[in-house]
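Contents: one structure, followed by commentary.
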Amino acid sequence: MKQHYSLLLFFALFTSAHLAAQPGKIKGAITTADGKPARYITVSIDGTWQQSSSDEEGAYEIKNIRPGTRTLVITAAETAAQRRTITVGANETRIENFIIKETSRQLDAVFVNAHKGTEHASVSLRLKTPLLETPQNIQVVDQAALVQQQVISMSDGLVRNVSGATRVEHWGDLYANITARGSQIQAFRNGFNVVASYWGPLTEDMSFVDRVEFVKGPAGFMLANGDPSGLYNIVTKKPTGITKGAVNLTLGSFDLYRGSLDLDGSLSKDKKLLYRLNIAAQHKGSHRDFEYNNRYVIAPVLSYQVDDKTKLTLEYNGQFAKMTEVGSYYVFSKFGYGTYPVNFTLTNPGLPPTKINDQSAYLTFEHAFNTNWKLTAQGAYFNYNQAGMSSWPSMMDSTNGHLVRNIGLWDAKSNMVLGQVFLNGEFRTGSVRHRILAGVDAADKKYYADWGQSHDLDSVGALFDPRNPDYGVPANGYPVFDRSRPIEERAIAAGGIQTQRYSSVYVQDELAFFRDRLRLTLAGRYTDVSQIYGTGTDFSTAKHLTPRTGLSYSIGKTLSVYGLYDQAFIPQTGTLTGGGKIKPVTGNNMELGIKKNWFHNRWLTTLSVYRILKQNELTADPDAPNPNQPTSIVLGEKVARGVELDVRGTILPGFTATANYAFTEGLITKVAPGAAGIYAVGEIVPGYAKHTSNAWLSYELQKGALQGLGISGGFTSLIGRHTGWSTRGQQLPDYFKLDGGLFYTQDRYRFTLNVFNMLNSYLYTGSYYDLPSVYGDWSSVKPAYYYQTEPPRNIRFSVSYRF
C-alpha cells in the first residue's frame, strides 16, 4: 500500500513541475442570436478542470490559465457546443466574445452547472419549468459534489447533500435504502422507477452517473410510480459532442483500489453520431475482517442526431459485483449496540461469494415539432441475476450472547420492461401561458427469489462466541445448496415471487398569469395495476385516479413561494405474515415552501414545510417466524411532518457550500389488526432522525503561488435517531461524523485527499430484534440487538487527469 502512495506522490510532483508559469486570463461576453445577454452558458477550457458560467449580463471570466494554446468550449443544455482555439500569453488578458445561434427565448431551458447550482431538472424529470418556479422541493447533487466528496457508489455518503435524507440499517451495499420524510424513498434511473423488490436496485456505481436528483413528496408528474415521501433519480452520463476524456485512480484504506475511464466524443465528421463510454474497476475491502466488495462497470452510450429536430439515444449499463454474503455487515448482540470491536464480524472466510450481474438498456427517441412542442418516447429493459447467500442467526443464548450462525440461500432473478411516451408543449390563450405535460407510462416487473434453504454453521453444542471468535471451519461445515431447478420454480416453494404490471395516463397543465408571475398547476394521473406475490397464488388488482394541485408565485426574478397538494397511489410487493392480499399505498402530501436565488444565481436556498399521510404501507415484521423468509405486516396509517432547509452554491469566489437541516417527525395514527401488539397509536414511526444536519464546505485559492490549492470539509449530525424497524429496546445514540481534506486543481490535473471520520468515532446504525434462546423454539424469543458499524478513521487519495 505504501508503494502505491509513493508512486502517486511522485507522479503528482512530476506532473505539476511545469505549472509554475505566470498565468493568464480570458474574459468576454456571450450574446444570443437576437442580441440579448446569454446567461448561464458554461465556458470551459477543453481537457482541463477550468470553467466558468456567464452571469445575468452574459459576461464570463476564467482566471489562472497556464500560458499556451488553448481551446475554449461554450456549452449549455440542449444547445450546440462552440469551440475556439486561442493562444494565451503570460500575464495576458484575452477578450473573447461569442454569439450563439439560439435566441433568448430558446435559452429558457438552459441550466447553470458546476458551482452555480442547477437551474433546470434533467430531461428525465419531464419538467420544462425552472426549479425556482416548480412548486416542489427538488435538490440536485451535481458532478462537482461527487468529485469533491469522492463518492464512488450510491451508498457512499451521498445523502449528506440533501436535507432529511438518511440511510438506516440495510443489507450492506446491496441497495441504498434511503429514507426521507419518514419513509423509504423510491429509486429511479433516467426517469424510470427501477424498484422490482424491496431489496433493490443494486447500488449504482458513480462512474456512469452524471448527477442525482432528489424529489421530495409525491412525483406522479414523472410519469412513473413513486412514494408520497419522494424519490431519487439517477441521471446517467450522455454524449456532449465535445471530444474529451478523463481517467481517475483512487486508493484508500482497507485495500481500496479503484480506476475509472470516461471517454466522450464523435464517431462521424458531421458530429451527428456521438458516443460516451465509462469503464470502472474496483477492489474494495472493509474495516470488518474477511469482507469485500469488488466490482467492474461498463456503460457505453450512442446518440444519433437524425436531423435538427430528431435524436435517438441508445445506452447500456452493466454492473458486475462479487461480494461477501449479503448480511455480513450485521452484528448481533445480547448486550446492546456497539458492544463488540468495530472490526468484528459474524461471517466466515470460507464462505463462497455472492455474485450479482445487473444490466440495463435504454432506447430514447426525441422529436421537437417546433420550439414549443416536443415528443419523447423511451423504453428500458433491466435484467438482474444474483447467486449468493444471506446470513442471520438461528438462536442466541440469553445468558452469554453465544449464537448459532445461519446461512440462507438467496438466489434472485429480476426482469423489468419499462416504457414511457410523453409530450411537452407550450401555448397561450390570451394572456395566460400554458405548459402542457401529457403521457403514458407502463411497466412489467418480475422478481423471483429462493430463500427457502438454509444451513447452520454452528451447533448447539458448539456455539459461536463473539468475544472469542473462531473463524476456522465451522462445526457444521459449509453449506451446499440445491440449485438444480430453475429459479422460477424454486421461488414458488420459497414464497419469493413478486410481479407487478401497471399502466397509467397523466395530464398536467401549468397555467401562468400576470406575466408568468403566478403559476397554477392542475394535473391528474390514472393508474391500473395488477400484482402476483408470495407463492404465485396471491393476486391483486387496483385502479386509482390521483389529482395534483400546485401554486407558485414569483416575487421578483429570484424569489418564489409555493404550495402543493398531491396524492399518491403506489403498488406494493411482498409477502404478508399469515398470507392475504396486499393493497397499494395511498396517501397525500401538503407542502408550503419558499425558494430564493442569491447574488446572480450563485447560490440557492429552499425552505419547505410538509405533512404526509400514508395508508396501507407495509413494514417488515419484527417477529417474522423465519428471517430467511422475510415477511411484512400492514402498519395502518401514519403521518410524517417536518421542516427542511437546503443551501447550496458559490457563496464567495472560490468558496462553495452545501448545507442543510431537517426536522422530521413520524407518528402512527391508526394500527392495522396485524400490527396490534407490535405498534400502537401515537408511537413514533421507526426509521428516521428527528434532527438531521449536514454541511460540506470547500475553499480554493484563486491567485498567488498556491492557486488551485483548496481545503474542504463537512459534518453529519443525527439527533433523536429512531431505529429502522422497531421502537422497542434501546434507542440509538446521537450521531456525529466529521470529514475533511485537501485538493489541488491545475490545468488538466486534480489531486484529492480526504479523511473520513476524522474523530475516529464508533459509528453505527441498528435495531432491536427478538431471537430464540432455545434452538428451533420461536416461543423462547429473548431481546437482542443488531447493528452495522461504519469504518473508523480512513483516507482516500485520488488523482484525475483530463485530456
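In case it helps, mature numbering (1 follows the signal peptide of the UniProt record, and there is no 0) puts the sequence shown at residues -20 to -1, 1 to 783. Here a beta-carbon is modelled for each residue, glycine too, at the ideal position from N, C-alpha and C.
The Cβ atoms of Y668 and T649 do not sit closer than 7 Å to each other. A straight line joining the alpha-carbon of L254 with that of T223 spans about 9 Å. Nearest Cα to R74 within the set D450, G144, S510, G8: G8. Ranked by Cα distance from Q768, the first of G232, V311, V306, D185 is V311.
Three or more beta-carbon pairs drawn from the stretch 44 to 53 and the stretch 62 to 80 are found closer than 8 Å, and the two stretches are therefore classed as touching. In the three-state scheme derived from DSSP, where H, G and I count as helix and E and B as strand, P466 is classed as coil. With the rule of 3 Cβ pairs closer than 8 Å, the stretch 375 to 390 does not count as touching the stretch 399 to 409. Exposed is the label assigned to H414, since fewer than 16 other Cβ atoms lie within 10 Å of its Cβ.
Closest by C-alpha distance to T216, out of E346, Y296, L111, L398, is Y296. With a threshold of 16 other beta carbon atoms within 10 Å, D462 falls short and is exposed.
The C-alpha of H580 lies about 7 Å from the C-alpha of D35. The Cβ-Cβ distance between A260 and D185 falls below 7 Å. Taking C-beta separations shorter than 6 Å and ignoring five residues to either side along the sequence, the partners of P208 in its chain run P198, A548, G567, N569, I592, K594, following chain order.
The three-state reading of DSSP puts A357 in strand, counting E and B together. Sequence-distant Cβ neighbours of D496 in its own chain, meaning closer than 8 Å and more than five residues away, are R413, S534. The Cβ atoms of Q366 and A392 lie closer than 7 Å to each other. For secondary structure counted as the beta strand (DSSP E) over 3 or more consecutive residues, the stretch 659 to 721 holds these complete runs in sequence order: 668 to 680, 689 to 702. In the three-state reduction of the DSSP assignment, E770 falls in the coil class. Just so you know, the alpha carbons of V286 and L343 end up roughly 14 Å apart. With 16 or more neighbouring CB atoms inside 10 Å of its own CB, A474 falls in the buried class.
Separation of the CB atoms of Y427 and T479 is rounded to 7 Å, and the pair is thereby assigned contact status at 8 Å.
DSSP places Q130 outside any beta strand (DSSP E), giving it a letter other than H or E. Scanning T703, Q116, G298, L681 for the CA closest to the CA of T725 turns up L681.
Using a Cβ distance threshold of 7 Å, S143 and A156 do not count as a contacting pair. The shortest CA-to-CA distance from S370 to any of A522, V306, M376 is the one to V306. CA-CA distance, R628 to Y590, rounds to 21 Å.
F493 sits exposed, since fewer than 16 C-beta atoms from the chains shown fall within 10 Å of its C-beta. The three-state secondary structure of Q595, taken from DSSP, is strand. Per DSSP, reduced to three states, the secondary structure at N328 is coil, with no helix or strand assignment.
Residues of the same chain with a CB within less than 6 Å of the CB of P771, apart from the 5 flanking positions on each side, are H267 in chain order.
A distance below 7 Å between beta-carbons, with the five flanking residues on each side excluded, links G399 to the following residues of its chain, in chain order: G359, A422. T230 is classed as buried because its beta carbon has at least 16 other beta carbons within 10 Å across all chains shown.
When DSSP assignments are scanned along the stretch 224 to 252, the uninterrupted stretches of beta strand (DSSP E) that are 3 or more residues long and fall wholly within it turn out to be 224 to 232, 236 to 246. Annotation: the continuous beta strand (DSSP E) that includes T11 extends over 4 to 11. R701 places its beta carbon 7 Å or farther from that of T28. If one requires a minimum length of 3 residues, the beta strand (DSSP E) runs lying completely within the stretch 449 to 533 are 477 to 493, 498 to 514, in chain order.
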